[in-house]
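2 protein chains.
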Amino acid sequence: MPTSIFDGEFDFPLMVVHRDALEHNVATMAAFVRGHGMELAPHAKTHMSAEIARRQLAAGAWGLTVADTRQARAARGFGARRVLVANQVVDPAGLAWAAAELERDPSFEFLSFADSVEGVDILARHAGRRPFRVLVERGHEGGRAGCRSLEEFLRVAEHAAGTPGVEPAGVAGYEGGLPGAGEVRKYLDTLVEALEYVRLRDPLLSVGGSQWFDVIGRELAAVQARILLRSGAYVSHDDGYYRERTPFNRVDGELRPALEVWAYVLSAPEPGLAIVGMGKRDAPYDEGLPIPRRDGVTVLRMQDQHTVVRADGLKPGDLLSFGISHPCTAFDKWRVLPLVDSDYRVVGMINTDF
Amino acid sequence: MPTSIFDGEFDFPLMVVHRDALEHNVATMAAFVRGHGMELAPHAKTHMSAEIARRQLAAGAWGLTVADTRQARAARGFGARRVLVANQVVDPAGLAWAAAELERDPSFEFLSFADSVEGVDILARHAGRRPFRVLVERGHEGGRAGCRSLEEFLRVAEHAAGTPGVEPAGVAGYEGGLPGAGEVRKYLDTLVEALEYVRLRDPLLSVGGSQWFDVIGRELAAVQARILLRSGAYVSHDDGYYRERTPFNRVDGELRPALEVWAYVLSAPEPGLAIVGMGKRDAPYDEGLPIPRRDGVTVLRMQDQHTVVRADGLKPGDLLSFGISHPCTAFDKWRVLPLVDSDYRVVGMINTDF
Numbered sequence: 137m138p139t140s141i142f143d144g145e146f147d148f149p150l151m152v153v154h155r156d157a158l159e160h161n162v163a164t165m166a167a168f169v170r171g172h173g174m175e176l177a178p179h180a181k182t183h184m185s186a187e188i189a190r191r192q193l194a195a196g197a198w199g200l201t202v203a204d205t206r207q208a209r210a211a212r213g214f215g216a217r218r219v220l221v222a223n224q225v226v227d228p229a230g231l232a233w234a235a236a237e238l239e240r241d242p243s244f245e246f247l248s249f250a251d252s253v254e255g256v257d258i259l260a261r262h263a264g265r266r267p268f269r270v271l272v273e274r275g276h277e278g279g280r281a282g283c284r285s286l287e288e289f290l291r292v293a294e295h296a297a298g299t300p301g302v303e304p305a306g307v308a309g310y311e312g313g314l315p316g317a318g319e320v321r322k323y324l325d326t327l328v329e330a331l332e333y334v335r336l337r338d339p340l341l342s343v344g345g346s347q348w349f350d351v352i353g354r355e356l357a358a359v360q361a362r363i364l365l366r367s368g369a370y371v372s373h374d375d376g377y378y379r380e381r382t383p384f385n386r387v388d389g390e391l392r393p394a395l396e397v398w399a400y401v402l403s404a405p406e407p408g409l410a411i412v413g414m415g416k417r418d419a420p421y422d423e424g425l426p427i428p429r430r431d432g433v434t435v436l437r438m439q440d441q442h443t444v445v446r447a448d449g450l451k452p453g454d455l456l457s458f459g460i461s462h463p464c465t466a467f468d469k470w471r472v473l474p475l476v477d478s479d480y481r482v483v484g485m486i487n488t489d490f
Numbered sequence: 137m138p139t140s141i142f143d144g145e146f147d148f149p150l151m152v153v154h155r156d157a158l159e160h161n162v163a164t165m166a167a168f169v170r171g172h173g174m175e176l177a178p179h180a181k182t183h184m185s186a187e188i189a190r191r192q193l194a195a196g197a198w199g200l201t202v203a204d205t206r207q208a209r210a211a212r213g214f215g216a217r218r219v220l221v222a223n224q225v226v227d228p229a230g231l232a233w234a235a236a237e238l239e240r241d242p243s244f245e246f247l248s249f250a251d252s253v254e255g256v257d258i259l260a261r262h263a264g265r266r267p268f269r270v271l272v273e274r275g276h277e278g279g280r281a282g283c284r285s286l287e288e289f290l291r292v293a294e295h296a297a298g299t300p301g302v303e304p305a306g307v308a309g310y311e312g313g314l315p316g317a318g319e320v321r322k323y324l325d326t327l328v329e330a331l332e333y334v335r336l337r338d339p340l341l342s343v344g345g346s347q348w349f350d351v352i353g354r355e356l357a358a359v360q361a362r363i364l365l366r367s368g369a370y371v372s373h374d375d376g377y378y379r380e381r382t383p384f385n386r387v388d389g390e391l392r393p394a395l396e397v398w399a400y401v402l403s404a405p406e407p408g409l410a411i412v413g414m415g416k417r418d419a420p421y422d423e424g425l426p427i428p429r430r431d432g433v434t435v436l437r438m439q440d441q442h443t444v445v446r447a448d449g450l451k452p453g454d455l456l457s458f459g460i461s462h463p464c465t466a467f468d469k470w471r472v473l474p475l476v477d478s479d480y481r482v483v484g485m486i487n488t489d490f
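Read top to bottom, the protein sequences are chains X and F.
When you read off a place in the first sequence, starting at 1, and then add 136, the result is the number in the working numbering.
When you read off a place in the second sequence, starting at 1, and then add 136, the result is the number in the working numbering.
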C-alpha cells in the first residue's frame with residue numbers, strides 16, 4: 137500500500153498532482169483535437185515535466201511546444217521528436233544547439249517563429265546543413281509579437297523563402313489575448329488569408345492557448361493545412377482562471393483541476409483571521425489567489441511565505457487545501473510534486489525542469 | 137581567464153549575482169548590527185543558497201532565520217549552528233526532525249515562535265529530551281501572526297513556561313508591515329513591555345525586515361536583551377522596492393543591487409514596441425516590474441515568458457539588462473545563478489534550494 141501524503145513523512149505546504157484528473161485531461165484534449173482533425177503540440181512551458189510530457193506524447197501529441205531553446209533541449213529529453221519554439225529565436229547558444237541537434241538526428245524536427253527580416257537573418261547565420269524551418273508569425277494590433285500587416289507578413293515570408301538556411305513551413309498566430317469569440321474569428325481569418333498567400337505544400341498553421349480551441353476547431357475545419365494547437369494549461373486545468381475560461385463551458389466535454397496545495401494554519405491571532413503557511417513561493421497569485429476547498433474560508437492576501445485568510449473556527453495545526461488559478465505559474469514553484477490517487481496515496485512523482 | 141556570460145555558452149534569460157555587491161552588502165549589514173550592539177540572524181528564505189548563507193555566517197551572523205522546518209533542514213546543510221523559525225511550527229514531520237536533530241547534536245540551537253496555547257501544546261507533544269525553545273510573538277492590530285494584547289501574550293508565555301518540553305527564550309515581533317517610523321516605535325515599545333513581563337535571564341528579542349533596522353537600532357539600544365535582527369532582503373538589495381525603502385536612505389551606509397537579469401529582444405513588431413524573452417518565471421513582478429538598465433526603455437507588462445517594453449530602436453537579437461524589485465521572489469525562480477565579477481566573468485555559482 138503506497139504512503140499517503142498525510143502519513144507524517146511529508147513537509148507542508150505541499151502541492152500535489154491528481155493522477156486521475158491529469159490523465160482525464162490528457163485524454164480529453166487528445167480526443168478533442170482528433171475529433172476536429174487537428175494536431176496537438178501541447179505547450180510544455182506550463183509544466184516542464186518529463187512525466188507529463190510523456191503522457192501527452194503517448195496520447196498522440198504531434199510534438200511539444202516550448203518558449204525558448206533551453207526548454208527545447210529539455211523537451212528533447214522528455215522524448216519529443218518534434219519541437220516547436222513559439223517565439224522568434226535569436227540567441228546564439230540556443231541556435232548552435234538546434235543546428236547541431238538537427239544534424240545529429242535526421243528524424244528531429246525543429247520549428248520556430250519568425251516575424252522579421254532580422255529574425256530570419258539571425259537564423260540563417262546559425263544554420264547548419266539542414267535549414268531552420270519557420271512558421272511566419274502574423275500578429276494583430278495590440279497583440280504580442282507577429283507581423284502587424286499582410287504586407288509585412290509577406291515581406292518576411294518571401295525573405296524566409298529566399299534565404300539559404302531558412303525554410304518557411306507555415307503560419308503561426310496567437311489568439312490568447314483577444315477579448316471575445318468575434319475578435320478571435322476575425323483574427324483567424326487573417327491567418328488563413330496569410331496562409332493562402334504563402335502557397336506552401338502541406339503547410340502548418342499553428343495557433344495557441346487554452347481559451348478558444350472551440351472557435352479554432354470550428355473556424356479552421358475546412359482549411360487546407362495541418363492545424364497545430366499549442367494549448368498548455370489544459371493539462372492540469374485549474375479552479376480559477378481557466379475554470380472560468382475553458383471552451384468546455386461552451387461545448388461538450390470537461391477538464392478537471394489536477395493541482396491542489398495543502399498547508400497548515402500557523403496562527404489564528406484574531407477571531408475570524410488565520411495565517412496559513414503557504415506563500416508566493418508555493419502557489420500562483422498573478423491571475424487570482426488560491427481557492428479554498430473548505431466552505432467559509434476566504435483568501436485575503438498572500439505574502440512571501442504566508443496566506444492570510446478570513447475564517448471562523450480555525451486553529452493552529454489545522455490542515456487546509458486550496459485549488460489554484462493559473463497553472464503556468466504553479467508548476468514552476470516546485471521541483472517535485474507527488475502524483476496522488478483519489479486517496480492521496482503517492483503513486484508517482486512529477487519532476488519539473490525550470 | 138574565466139568565461140564571461142556573453143561568451144556564447146549561456147542561455148538567456150539569465151539572472152546573475154554580482155559578487156562585489158553581494159559581499160559589500162554582507163559586510164555592510166554585519167558592520168551595522170555590530171555597531172548597534174545587535175546580532176543578525178539573516179532570513180535565509182530570501183536566497184536559500186548555501187553559498188550566500190556561508191558568507192553571512194562567516195561575517196559573524198548569530199545564526200539563520202527561516203520560514204519553516206523544510207528551510208530549517210536546508211539551513212543546517214548550509215552550516216548554521218543556530219536556526220530560528222520565524223513562525224509558529226505545527227507540522228509533525230518538521231517537529232520530529234527538529235527533536236531528533238536537537239538530540240543528535242548538543243550544540244544545535246533551534247528556536248521558533250509561539251503565539252497561542254495550542255501552538256505551545258503542539259510543540260510539547262513532539263518534544264524530545266531537549267525542550268523546544270520559543271520566542272513568544274507579540275503582534276499588532278492589522279498585522280500578521282502574534283498575540284494581539286499583552287494579556288494574551290502573558291497567557292502564552294506563562295503556558296510555555298509551565299509546559300514540559302517547551303521553554304520560553306524571549307520575545308519576537310514583526311514590524312515590516314507598519315506604515316511609518318512612528319508606528320514602528322510604538323510597536324517596539326510593546327515588545328519591550330512584553331519582554332519586561334516575561335523576566336527571563338539573558339532573553340532574546342527578535343524583530344525582522346529590511347525596512348526599519350535604523351529605527352530598531354536606535355530604539356532598542358538600551359534594552360537588556362540580545363537583539364536579533366532577521367533582515368533578509370538586504371543581502372542582494374534591489375533596484376525597486378528596497379531601493380526606495382532601505383534605512384540607508386536615512387542613515388550612513390549603502391546597499392548595492394546584486395541581482396541583474398539579461399534577456400534578448402525577441403521581436404519588435406511595431407515602432408516603439410519590443411517583446412523581450414523574459415517572463416514571470418524569470419524575474420519578480422509582485423512588488424514592481426523589472427527596471428531596465430537602458431535609458432528610454434519602459435516596461436509595460438510581463439507575461440509567463442515575455443516582457444513587453446516601450447522603446448525606440450530596439451531590434452530582435454538586442455540584449456537588454458534589468459534590475460529587479462523584491463529579492464524574495466527573485467532567487468526562487470532560479471536553481472543556479474552565476475556569480476559574476478564586474479566584467480561579467482563567472483567566478484562562482486549561487487545554488488538555491490527552494
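All residues carry an ideal CB built from backbone N, CA and C; glycine is no exception.
Close-in-space but distant-in-sequence residues of the same chain around Arg446 (chain F) (CB under 7 angstroms, 5 per side omitted): Gly408, Leu409, Thr434, Leu436
Spatial neighbours of Glu159 (chain X) within its chain, please: C-beta separation below 8 angstroms, excluding the five flanking residues on both sides. Arg191
Where DSSP assigns a beta bridge to Pro474 (chain F), which residues make up the other side? F:Met485
Local Cβ density within 10 Å of Asn223 (chain X), reported as buried at 16 or more and exposed below that: buried
Go ahead and pull the three-state DSSP assignment for Trp233 (chain F). helix
Quick one: what's Asp388 (chain X) bridged to in DSSP? Per DSSP, none; premise fails for Asp388 (chain X).
Taking the C-alpha atoms as reference points, what is the distance between Asp489 (chain F) and Glu288 (chain X)? 46 angstroms
Would you identify the three-state DSSP class for Gln192 (chain F), choosing helix, strand or coil? helix
For Ile427 (chain X) and Tyr378 (chain X), what's the separation of their Cα atoms in angstroms? 13 angstroms
Proximity winner among X:Ala263, X:Phe168, X:Ala157, relative to Glu303 (chain X) (alpha-carbon distances): X:Ala263
Bridge-paired residues (DSSP) for Val221 (chain X): X:Val202, X:Ser248
Which one of F:Pro138, F:Asp156, F:Glu145 has the shortest CA to CA distance from Ala394 (chain F)? F:Asp156
Val226 (chain F) beta carbon less than 8 angstroms from that of Pro452 (chain X): yes
Helix or strand or just coil, what does DSSP make of Ala399 (chain X)? strand
Who are the Cβ neighbours of Asp448 (chain F) in its own chain at under 7 angstroms, not counting the five residues just before and after it? Gly408, Gly432
Host beta strand (DSSP E) of Gly312 (chain X) (start-end): Taken as a continuous stretch (DSSP letters only), Gly312 (chain X) belongs to no beta strand (DSSP E), as it is neither H nor E.
Using only the alpha-carbon positions, how far apart do Leu473 (chain X) and Asn487 (chain X) sit? 7 angstroms
Within 10 angstroms of its Cβ, does Met165 (chain F) collect 16 or more other Cβ (buried), or is it exposed? buried
With 8 angstroms as the threshold, decide whether the Cβ of Lys416 (chain F) is near any Cβ in chain X. yes
Which first and last residues belong to the alpha helix (DSSP H) in which Glu294 (chain X) is found? 286-298
Leaving aside the five residues before and after Phe214 (chain X) along the sequence, list all residues of the same chain whose C-beta is less than 6 angstroms from its C-beta, in chain order. Ala186, Ala189
Under 8 angstroms, Cβ to Cβ, is there at least one residue of chain X near Pro405 (chain F)? yes
Counting beta carbon pairs with one atom in the segment 476-485 of chain X and one in the segment 414-428 of chain F, are three or more of them shorter than 8 angstroms? no
Would you mind working out which of F:Ala357, F:Phe458, F:Leu402 sits nearest Ile258 (chain X), comparing C-alpha positions? F:Leu402
Please classify Lys181 (chain X): is it buried, with 16 or more other beta-carbons within 10 angstroms of its beta-carbon, or exposed? buried
Ala410 (chain X) bridges to which residues according to DSSP? X:Val445
Who are the neighbours of Leu402 (chain X) on chain F, taking C-beta pairs under 7 angstroms? Asn223, Gln224, Val226, Ala281
Exposed unless 16 or more other CB atoms sit within 10 angstroms - verdict on Thr382 (chain X): buried
Say whether chain X places a C-beta atom closer than 8 angstroms to the C-beta of Glu254 (chain F). yes
How close, in whole Å, do the beta carbons of Gly199 (chain X) and Arg217 (chain X) come, if the pair is a contact with beta carbons under 8 angstroms? 7 angstroms
Looking only at C-alpha atoms, which of X:Glu239, X:Arg240, X:Ala234, X:Leu271 sits nearest to Phe249 (chain X)? X:Leu271
Among the residues of its own chain, which have a CB less than 8 angstroms from the CB of Met163 (chain F), if the five just before and after it don't count? What sits at residue 163 (chain F) in the sequence shown is Ala, not Met. The answer, listed in chain order, is Ala195.
Jot down the residue ranges of each uninterrupted alpha helix (DSSP H) in the segment 331-360 of chain X, minimum 4 residues, whole runs only, in chain order. 349-355
Of all the residues that make up the segment 318-345 of chain F, which are near chain X by a beta-carbon distance shorter than 9 angstroms? none
Contact criterion: CB-CB distance below 8 angstroms. Does Pro474 (chain X) meet it with respect to chain F? no
Which of the three DSSP states, helix, strand or coil, is assigned to Arg417 (chain X)? coil
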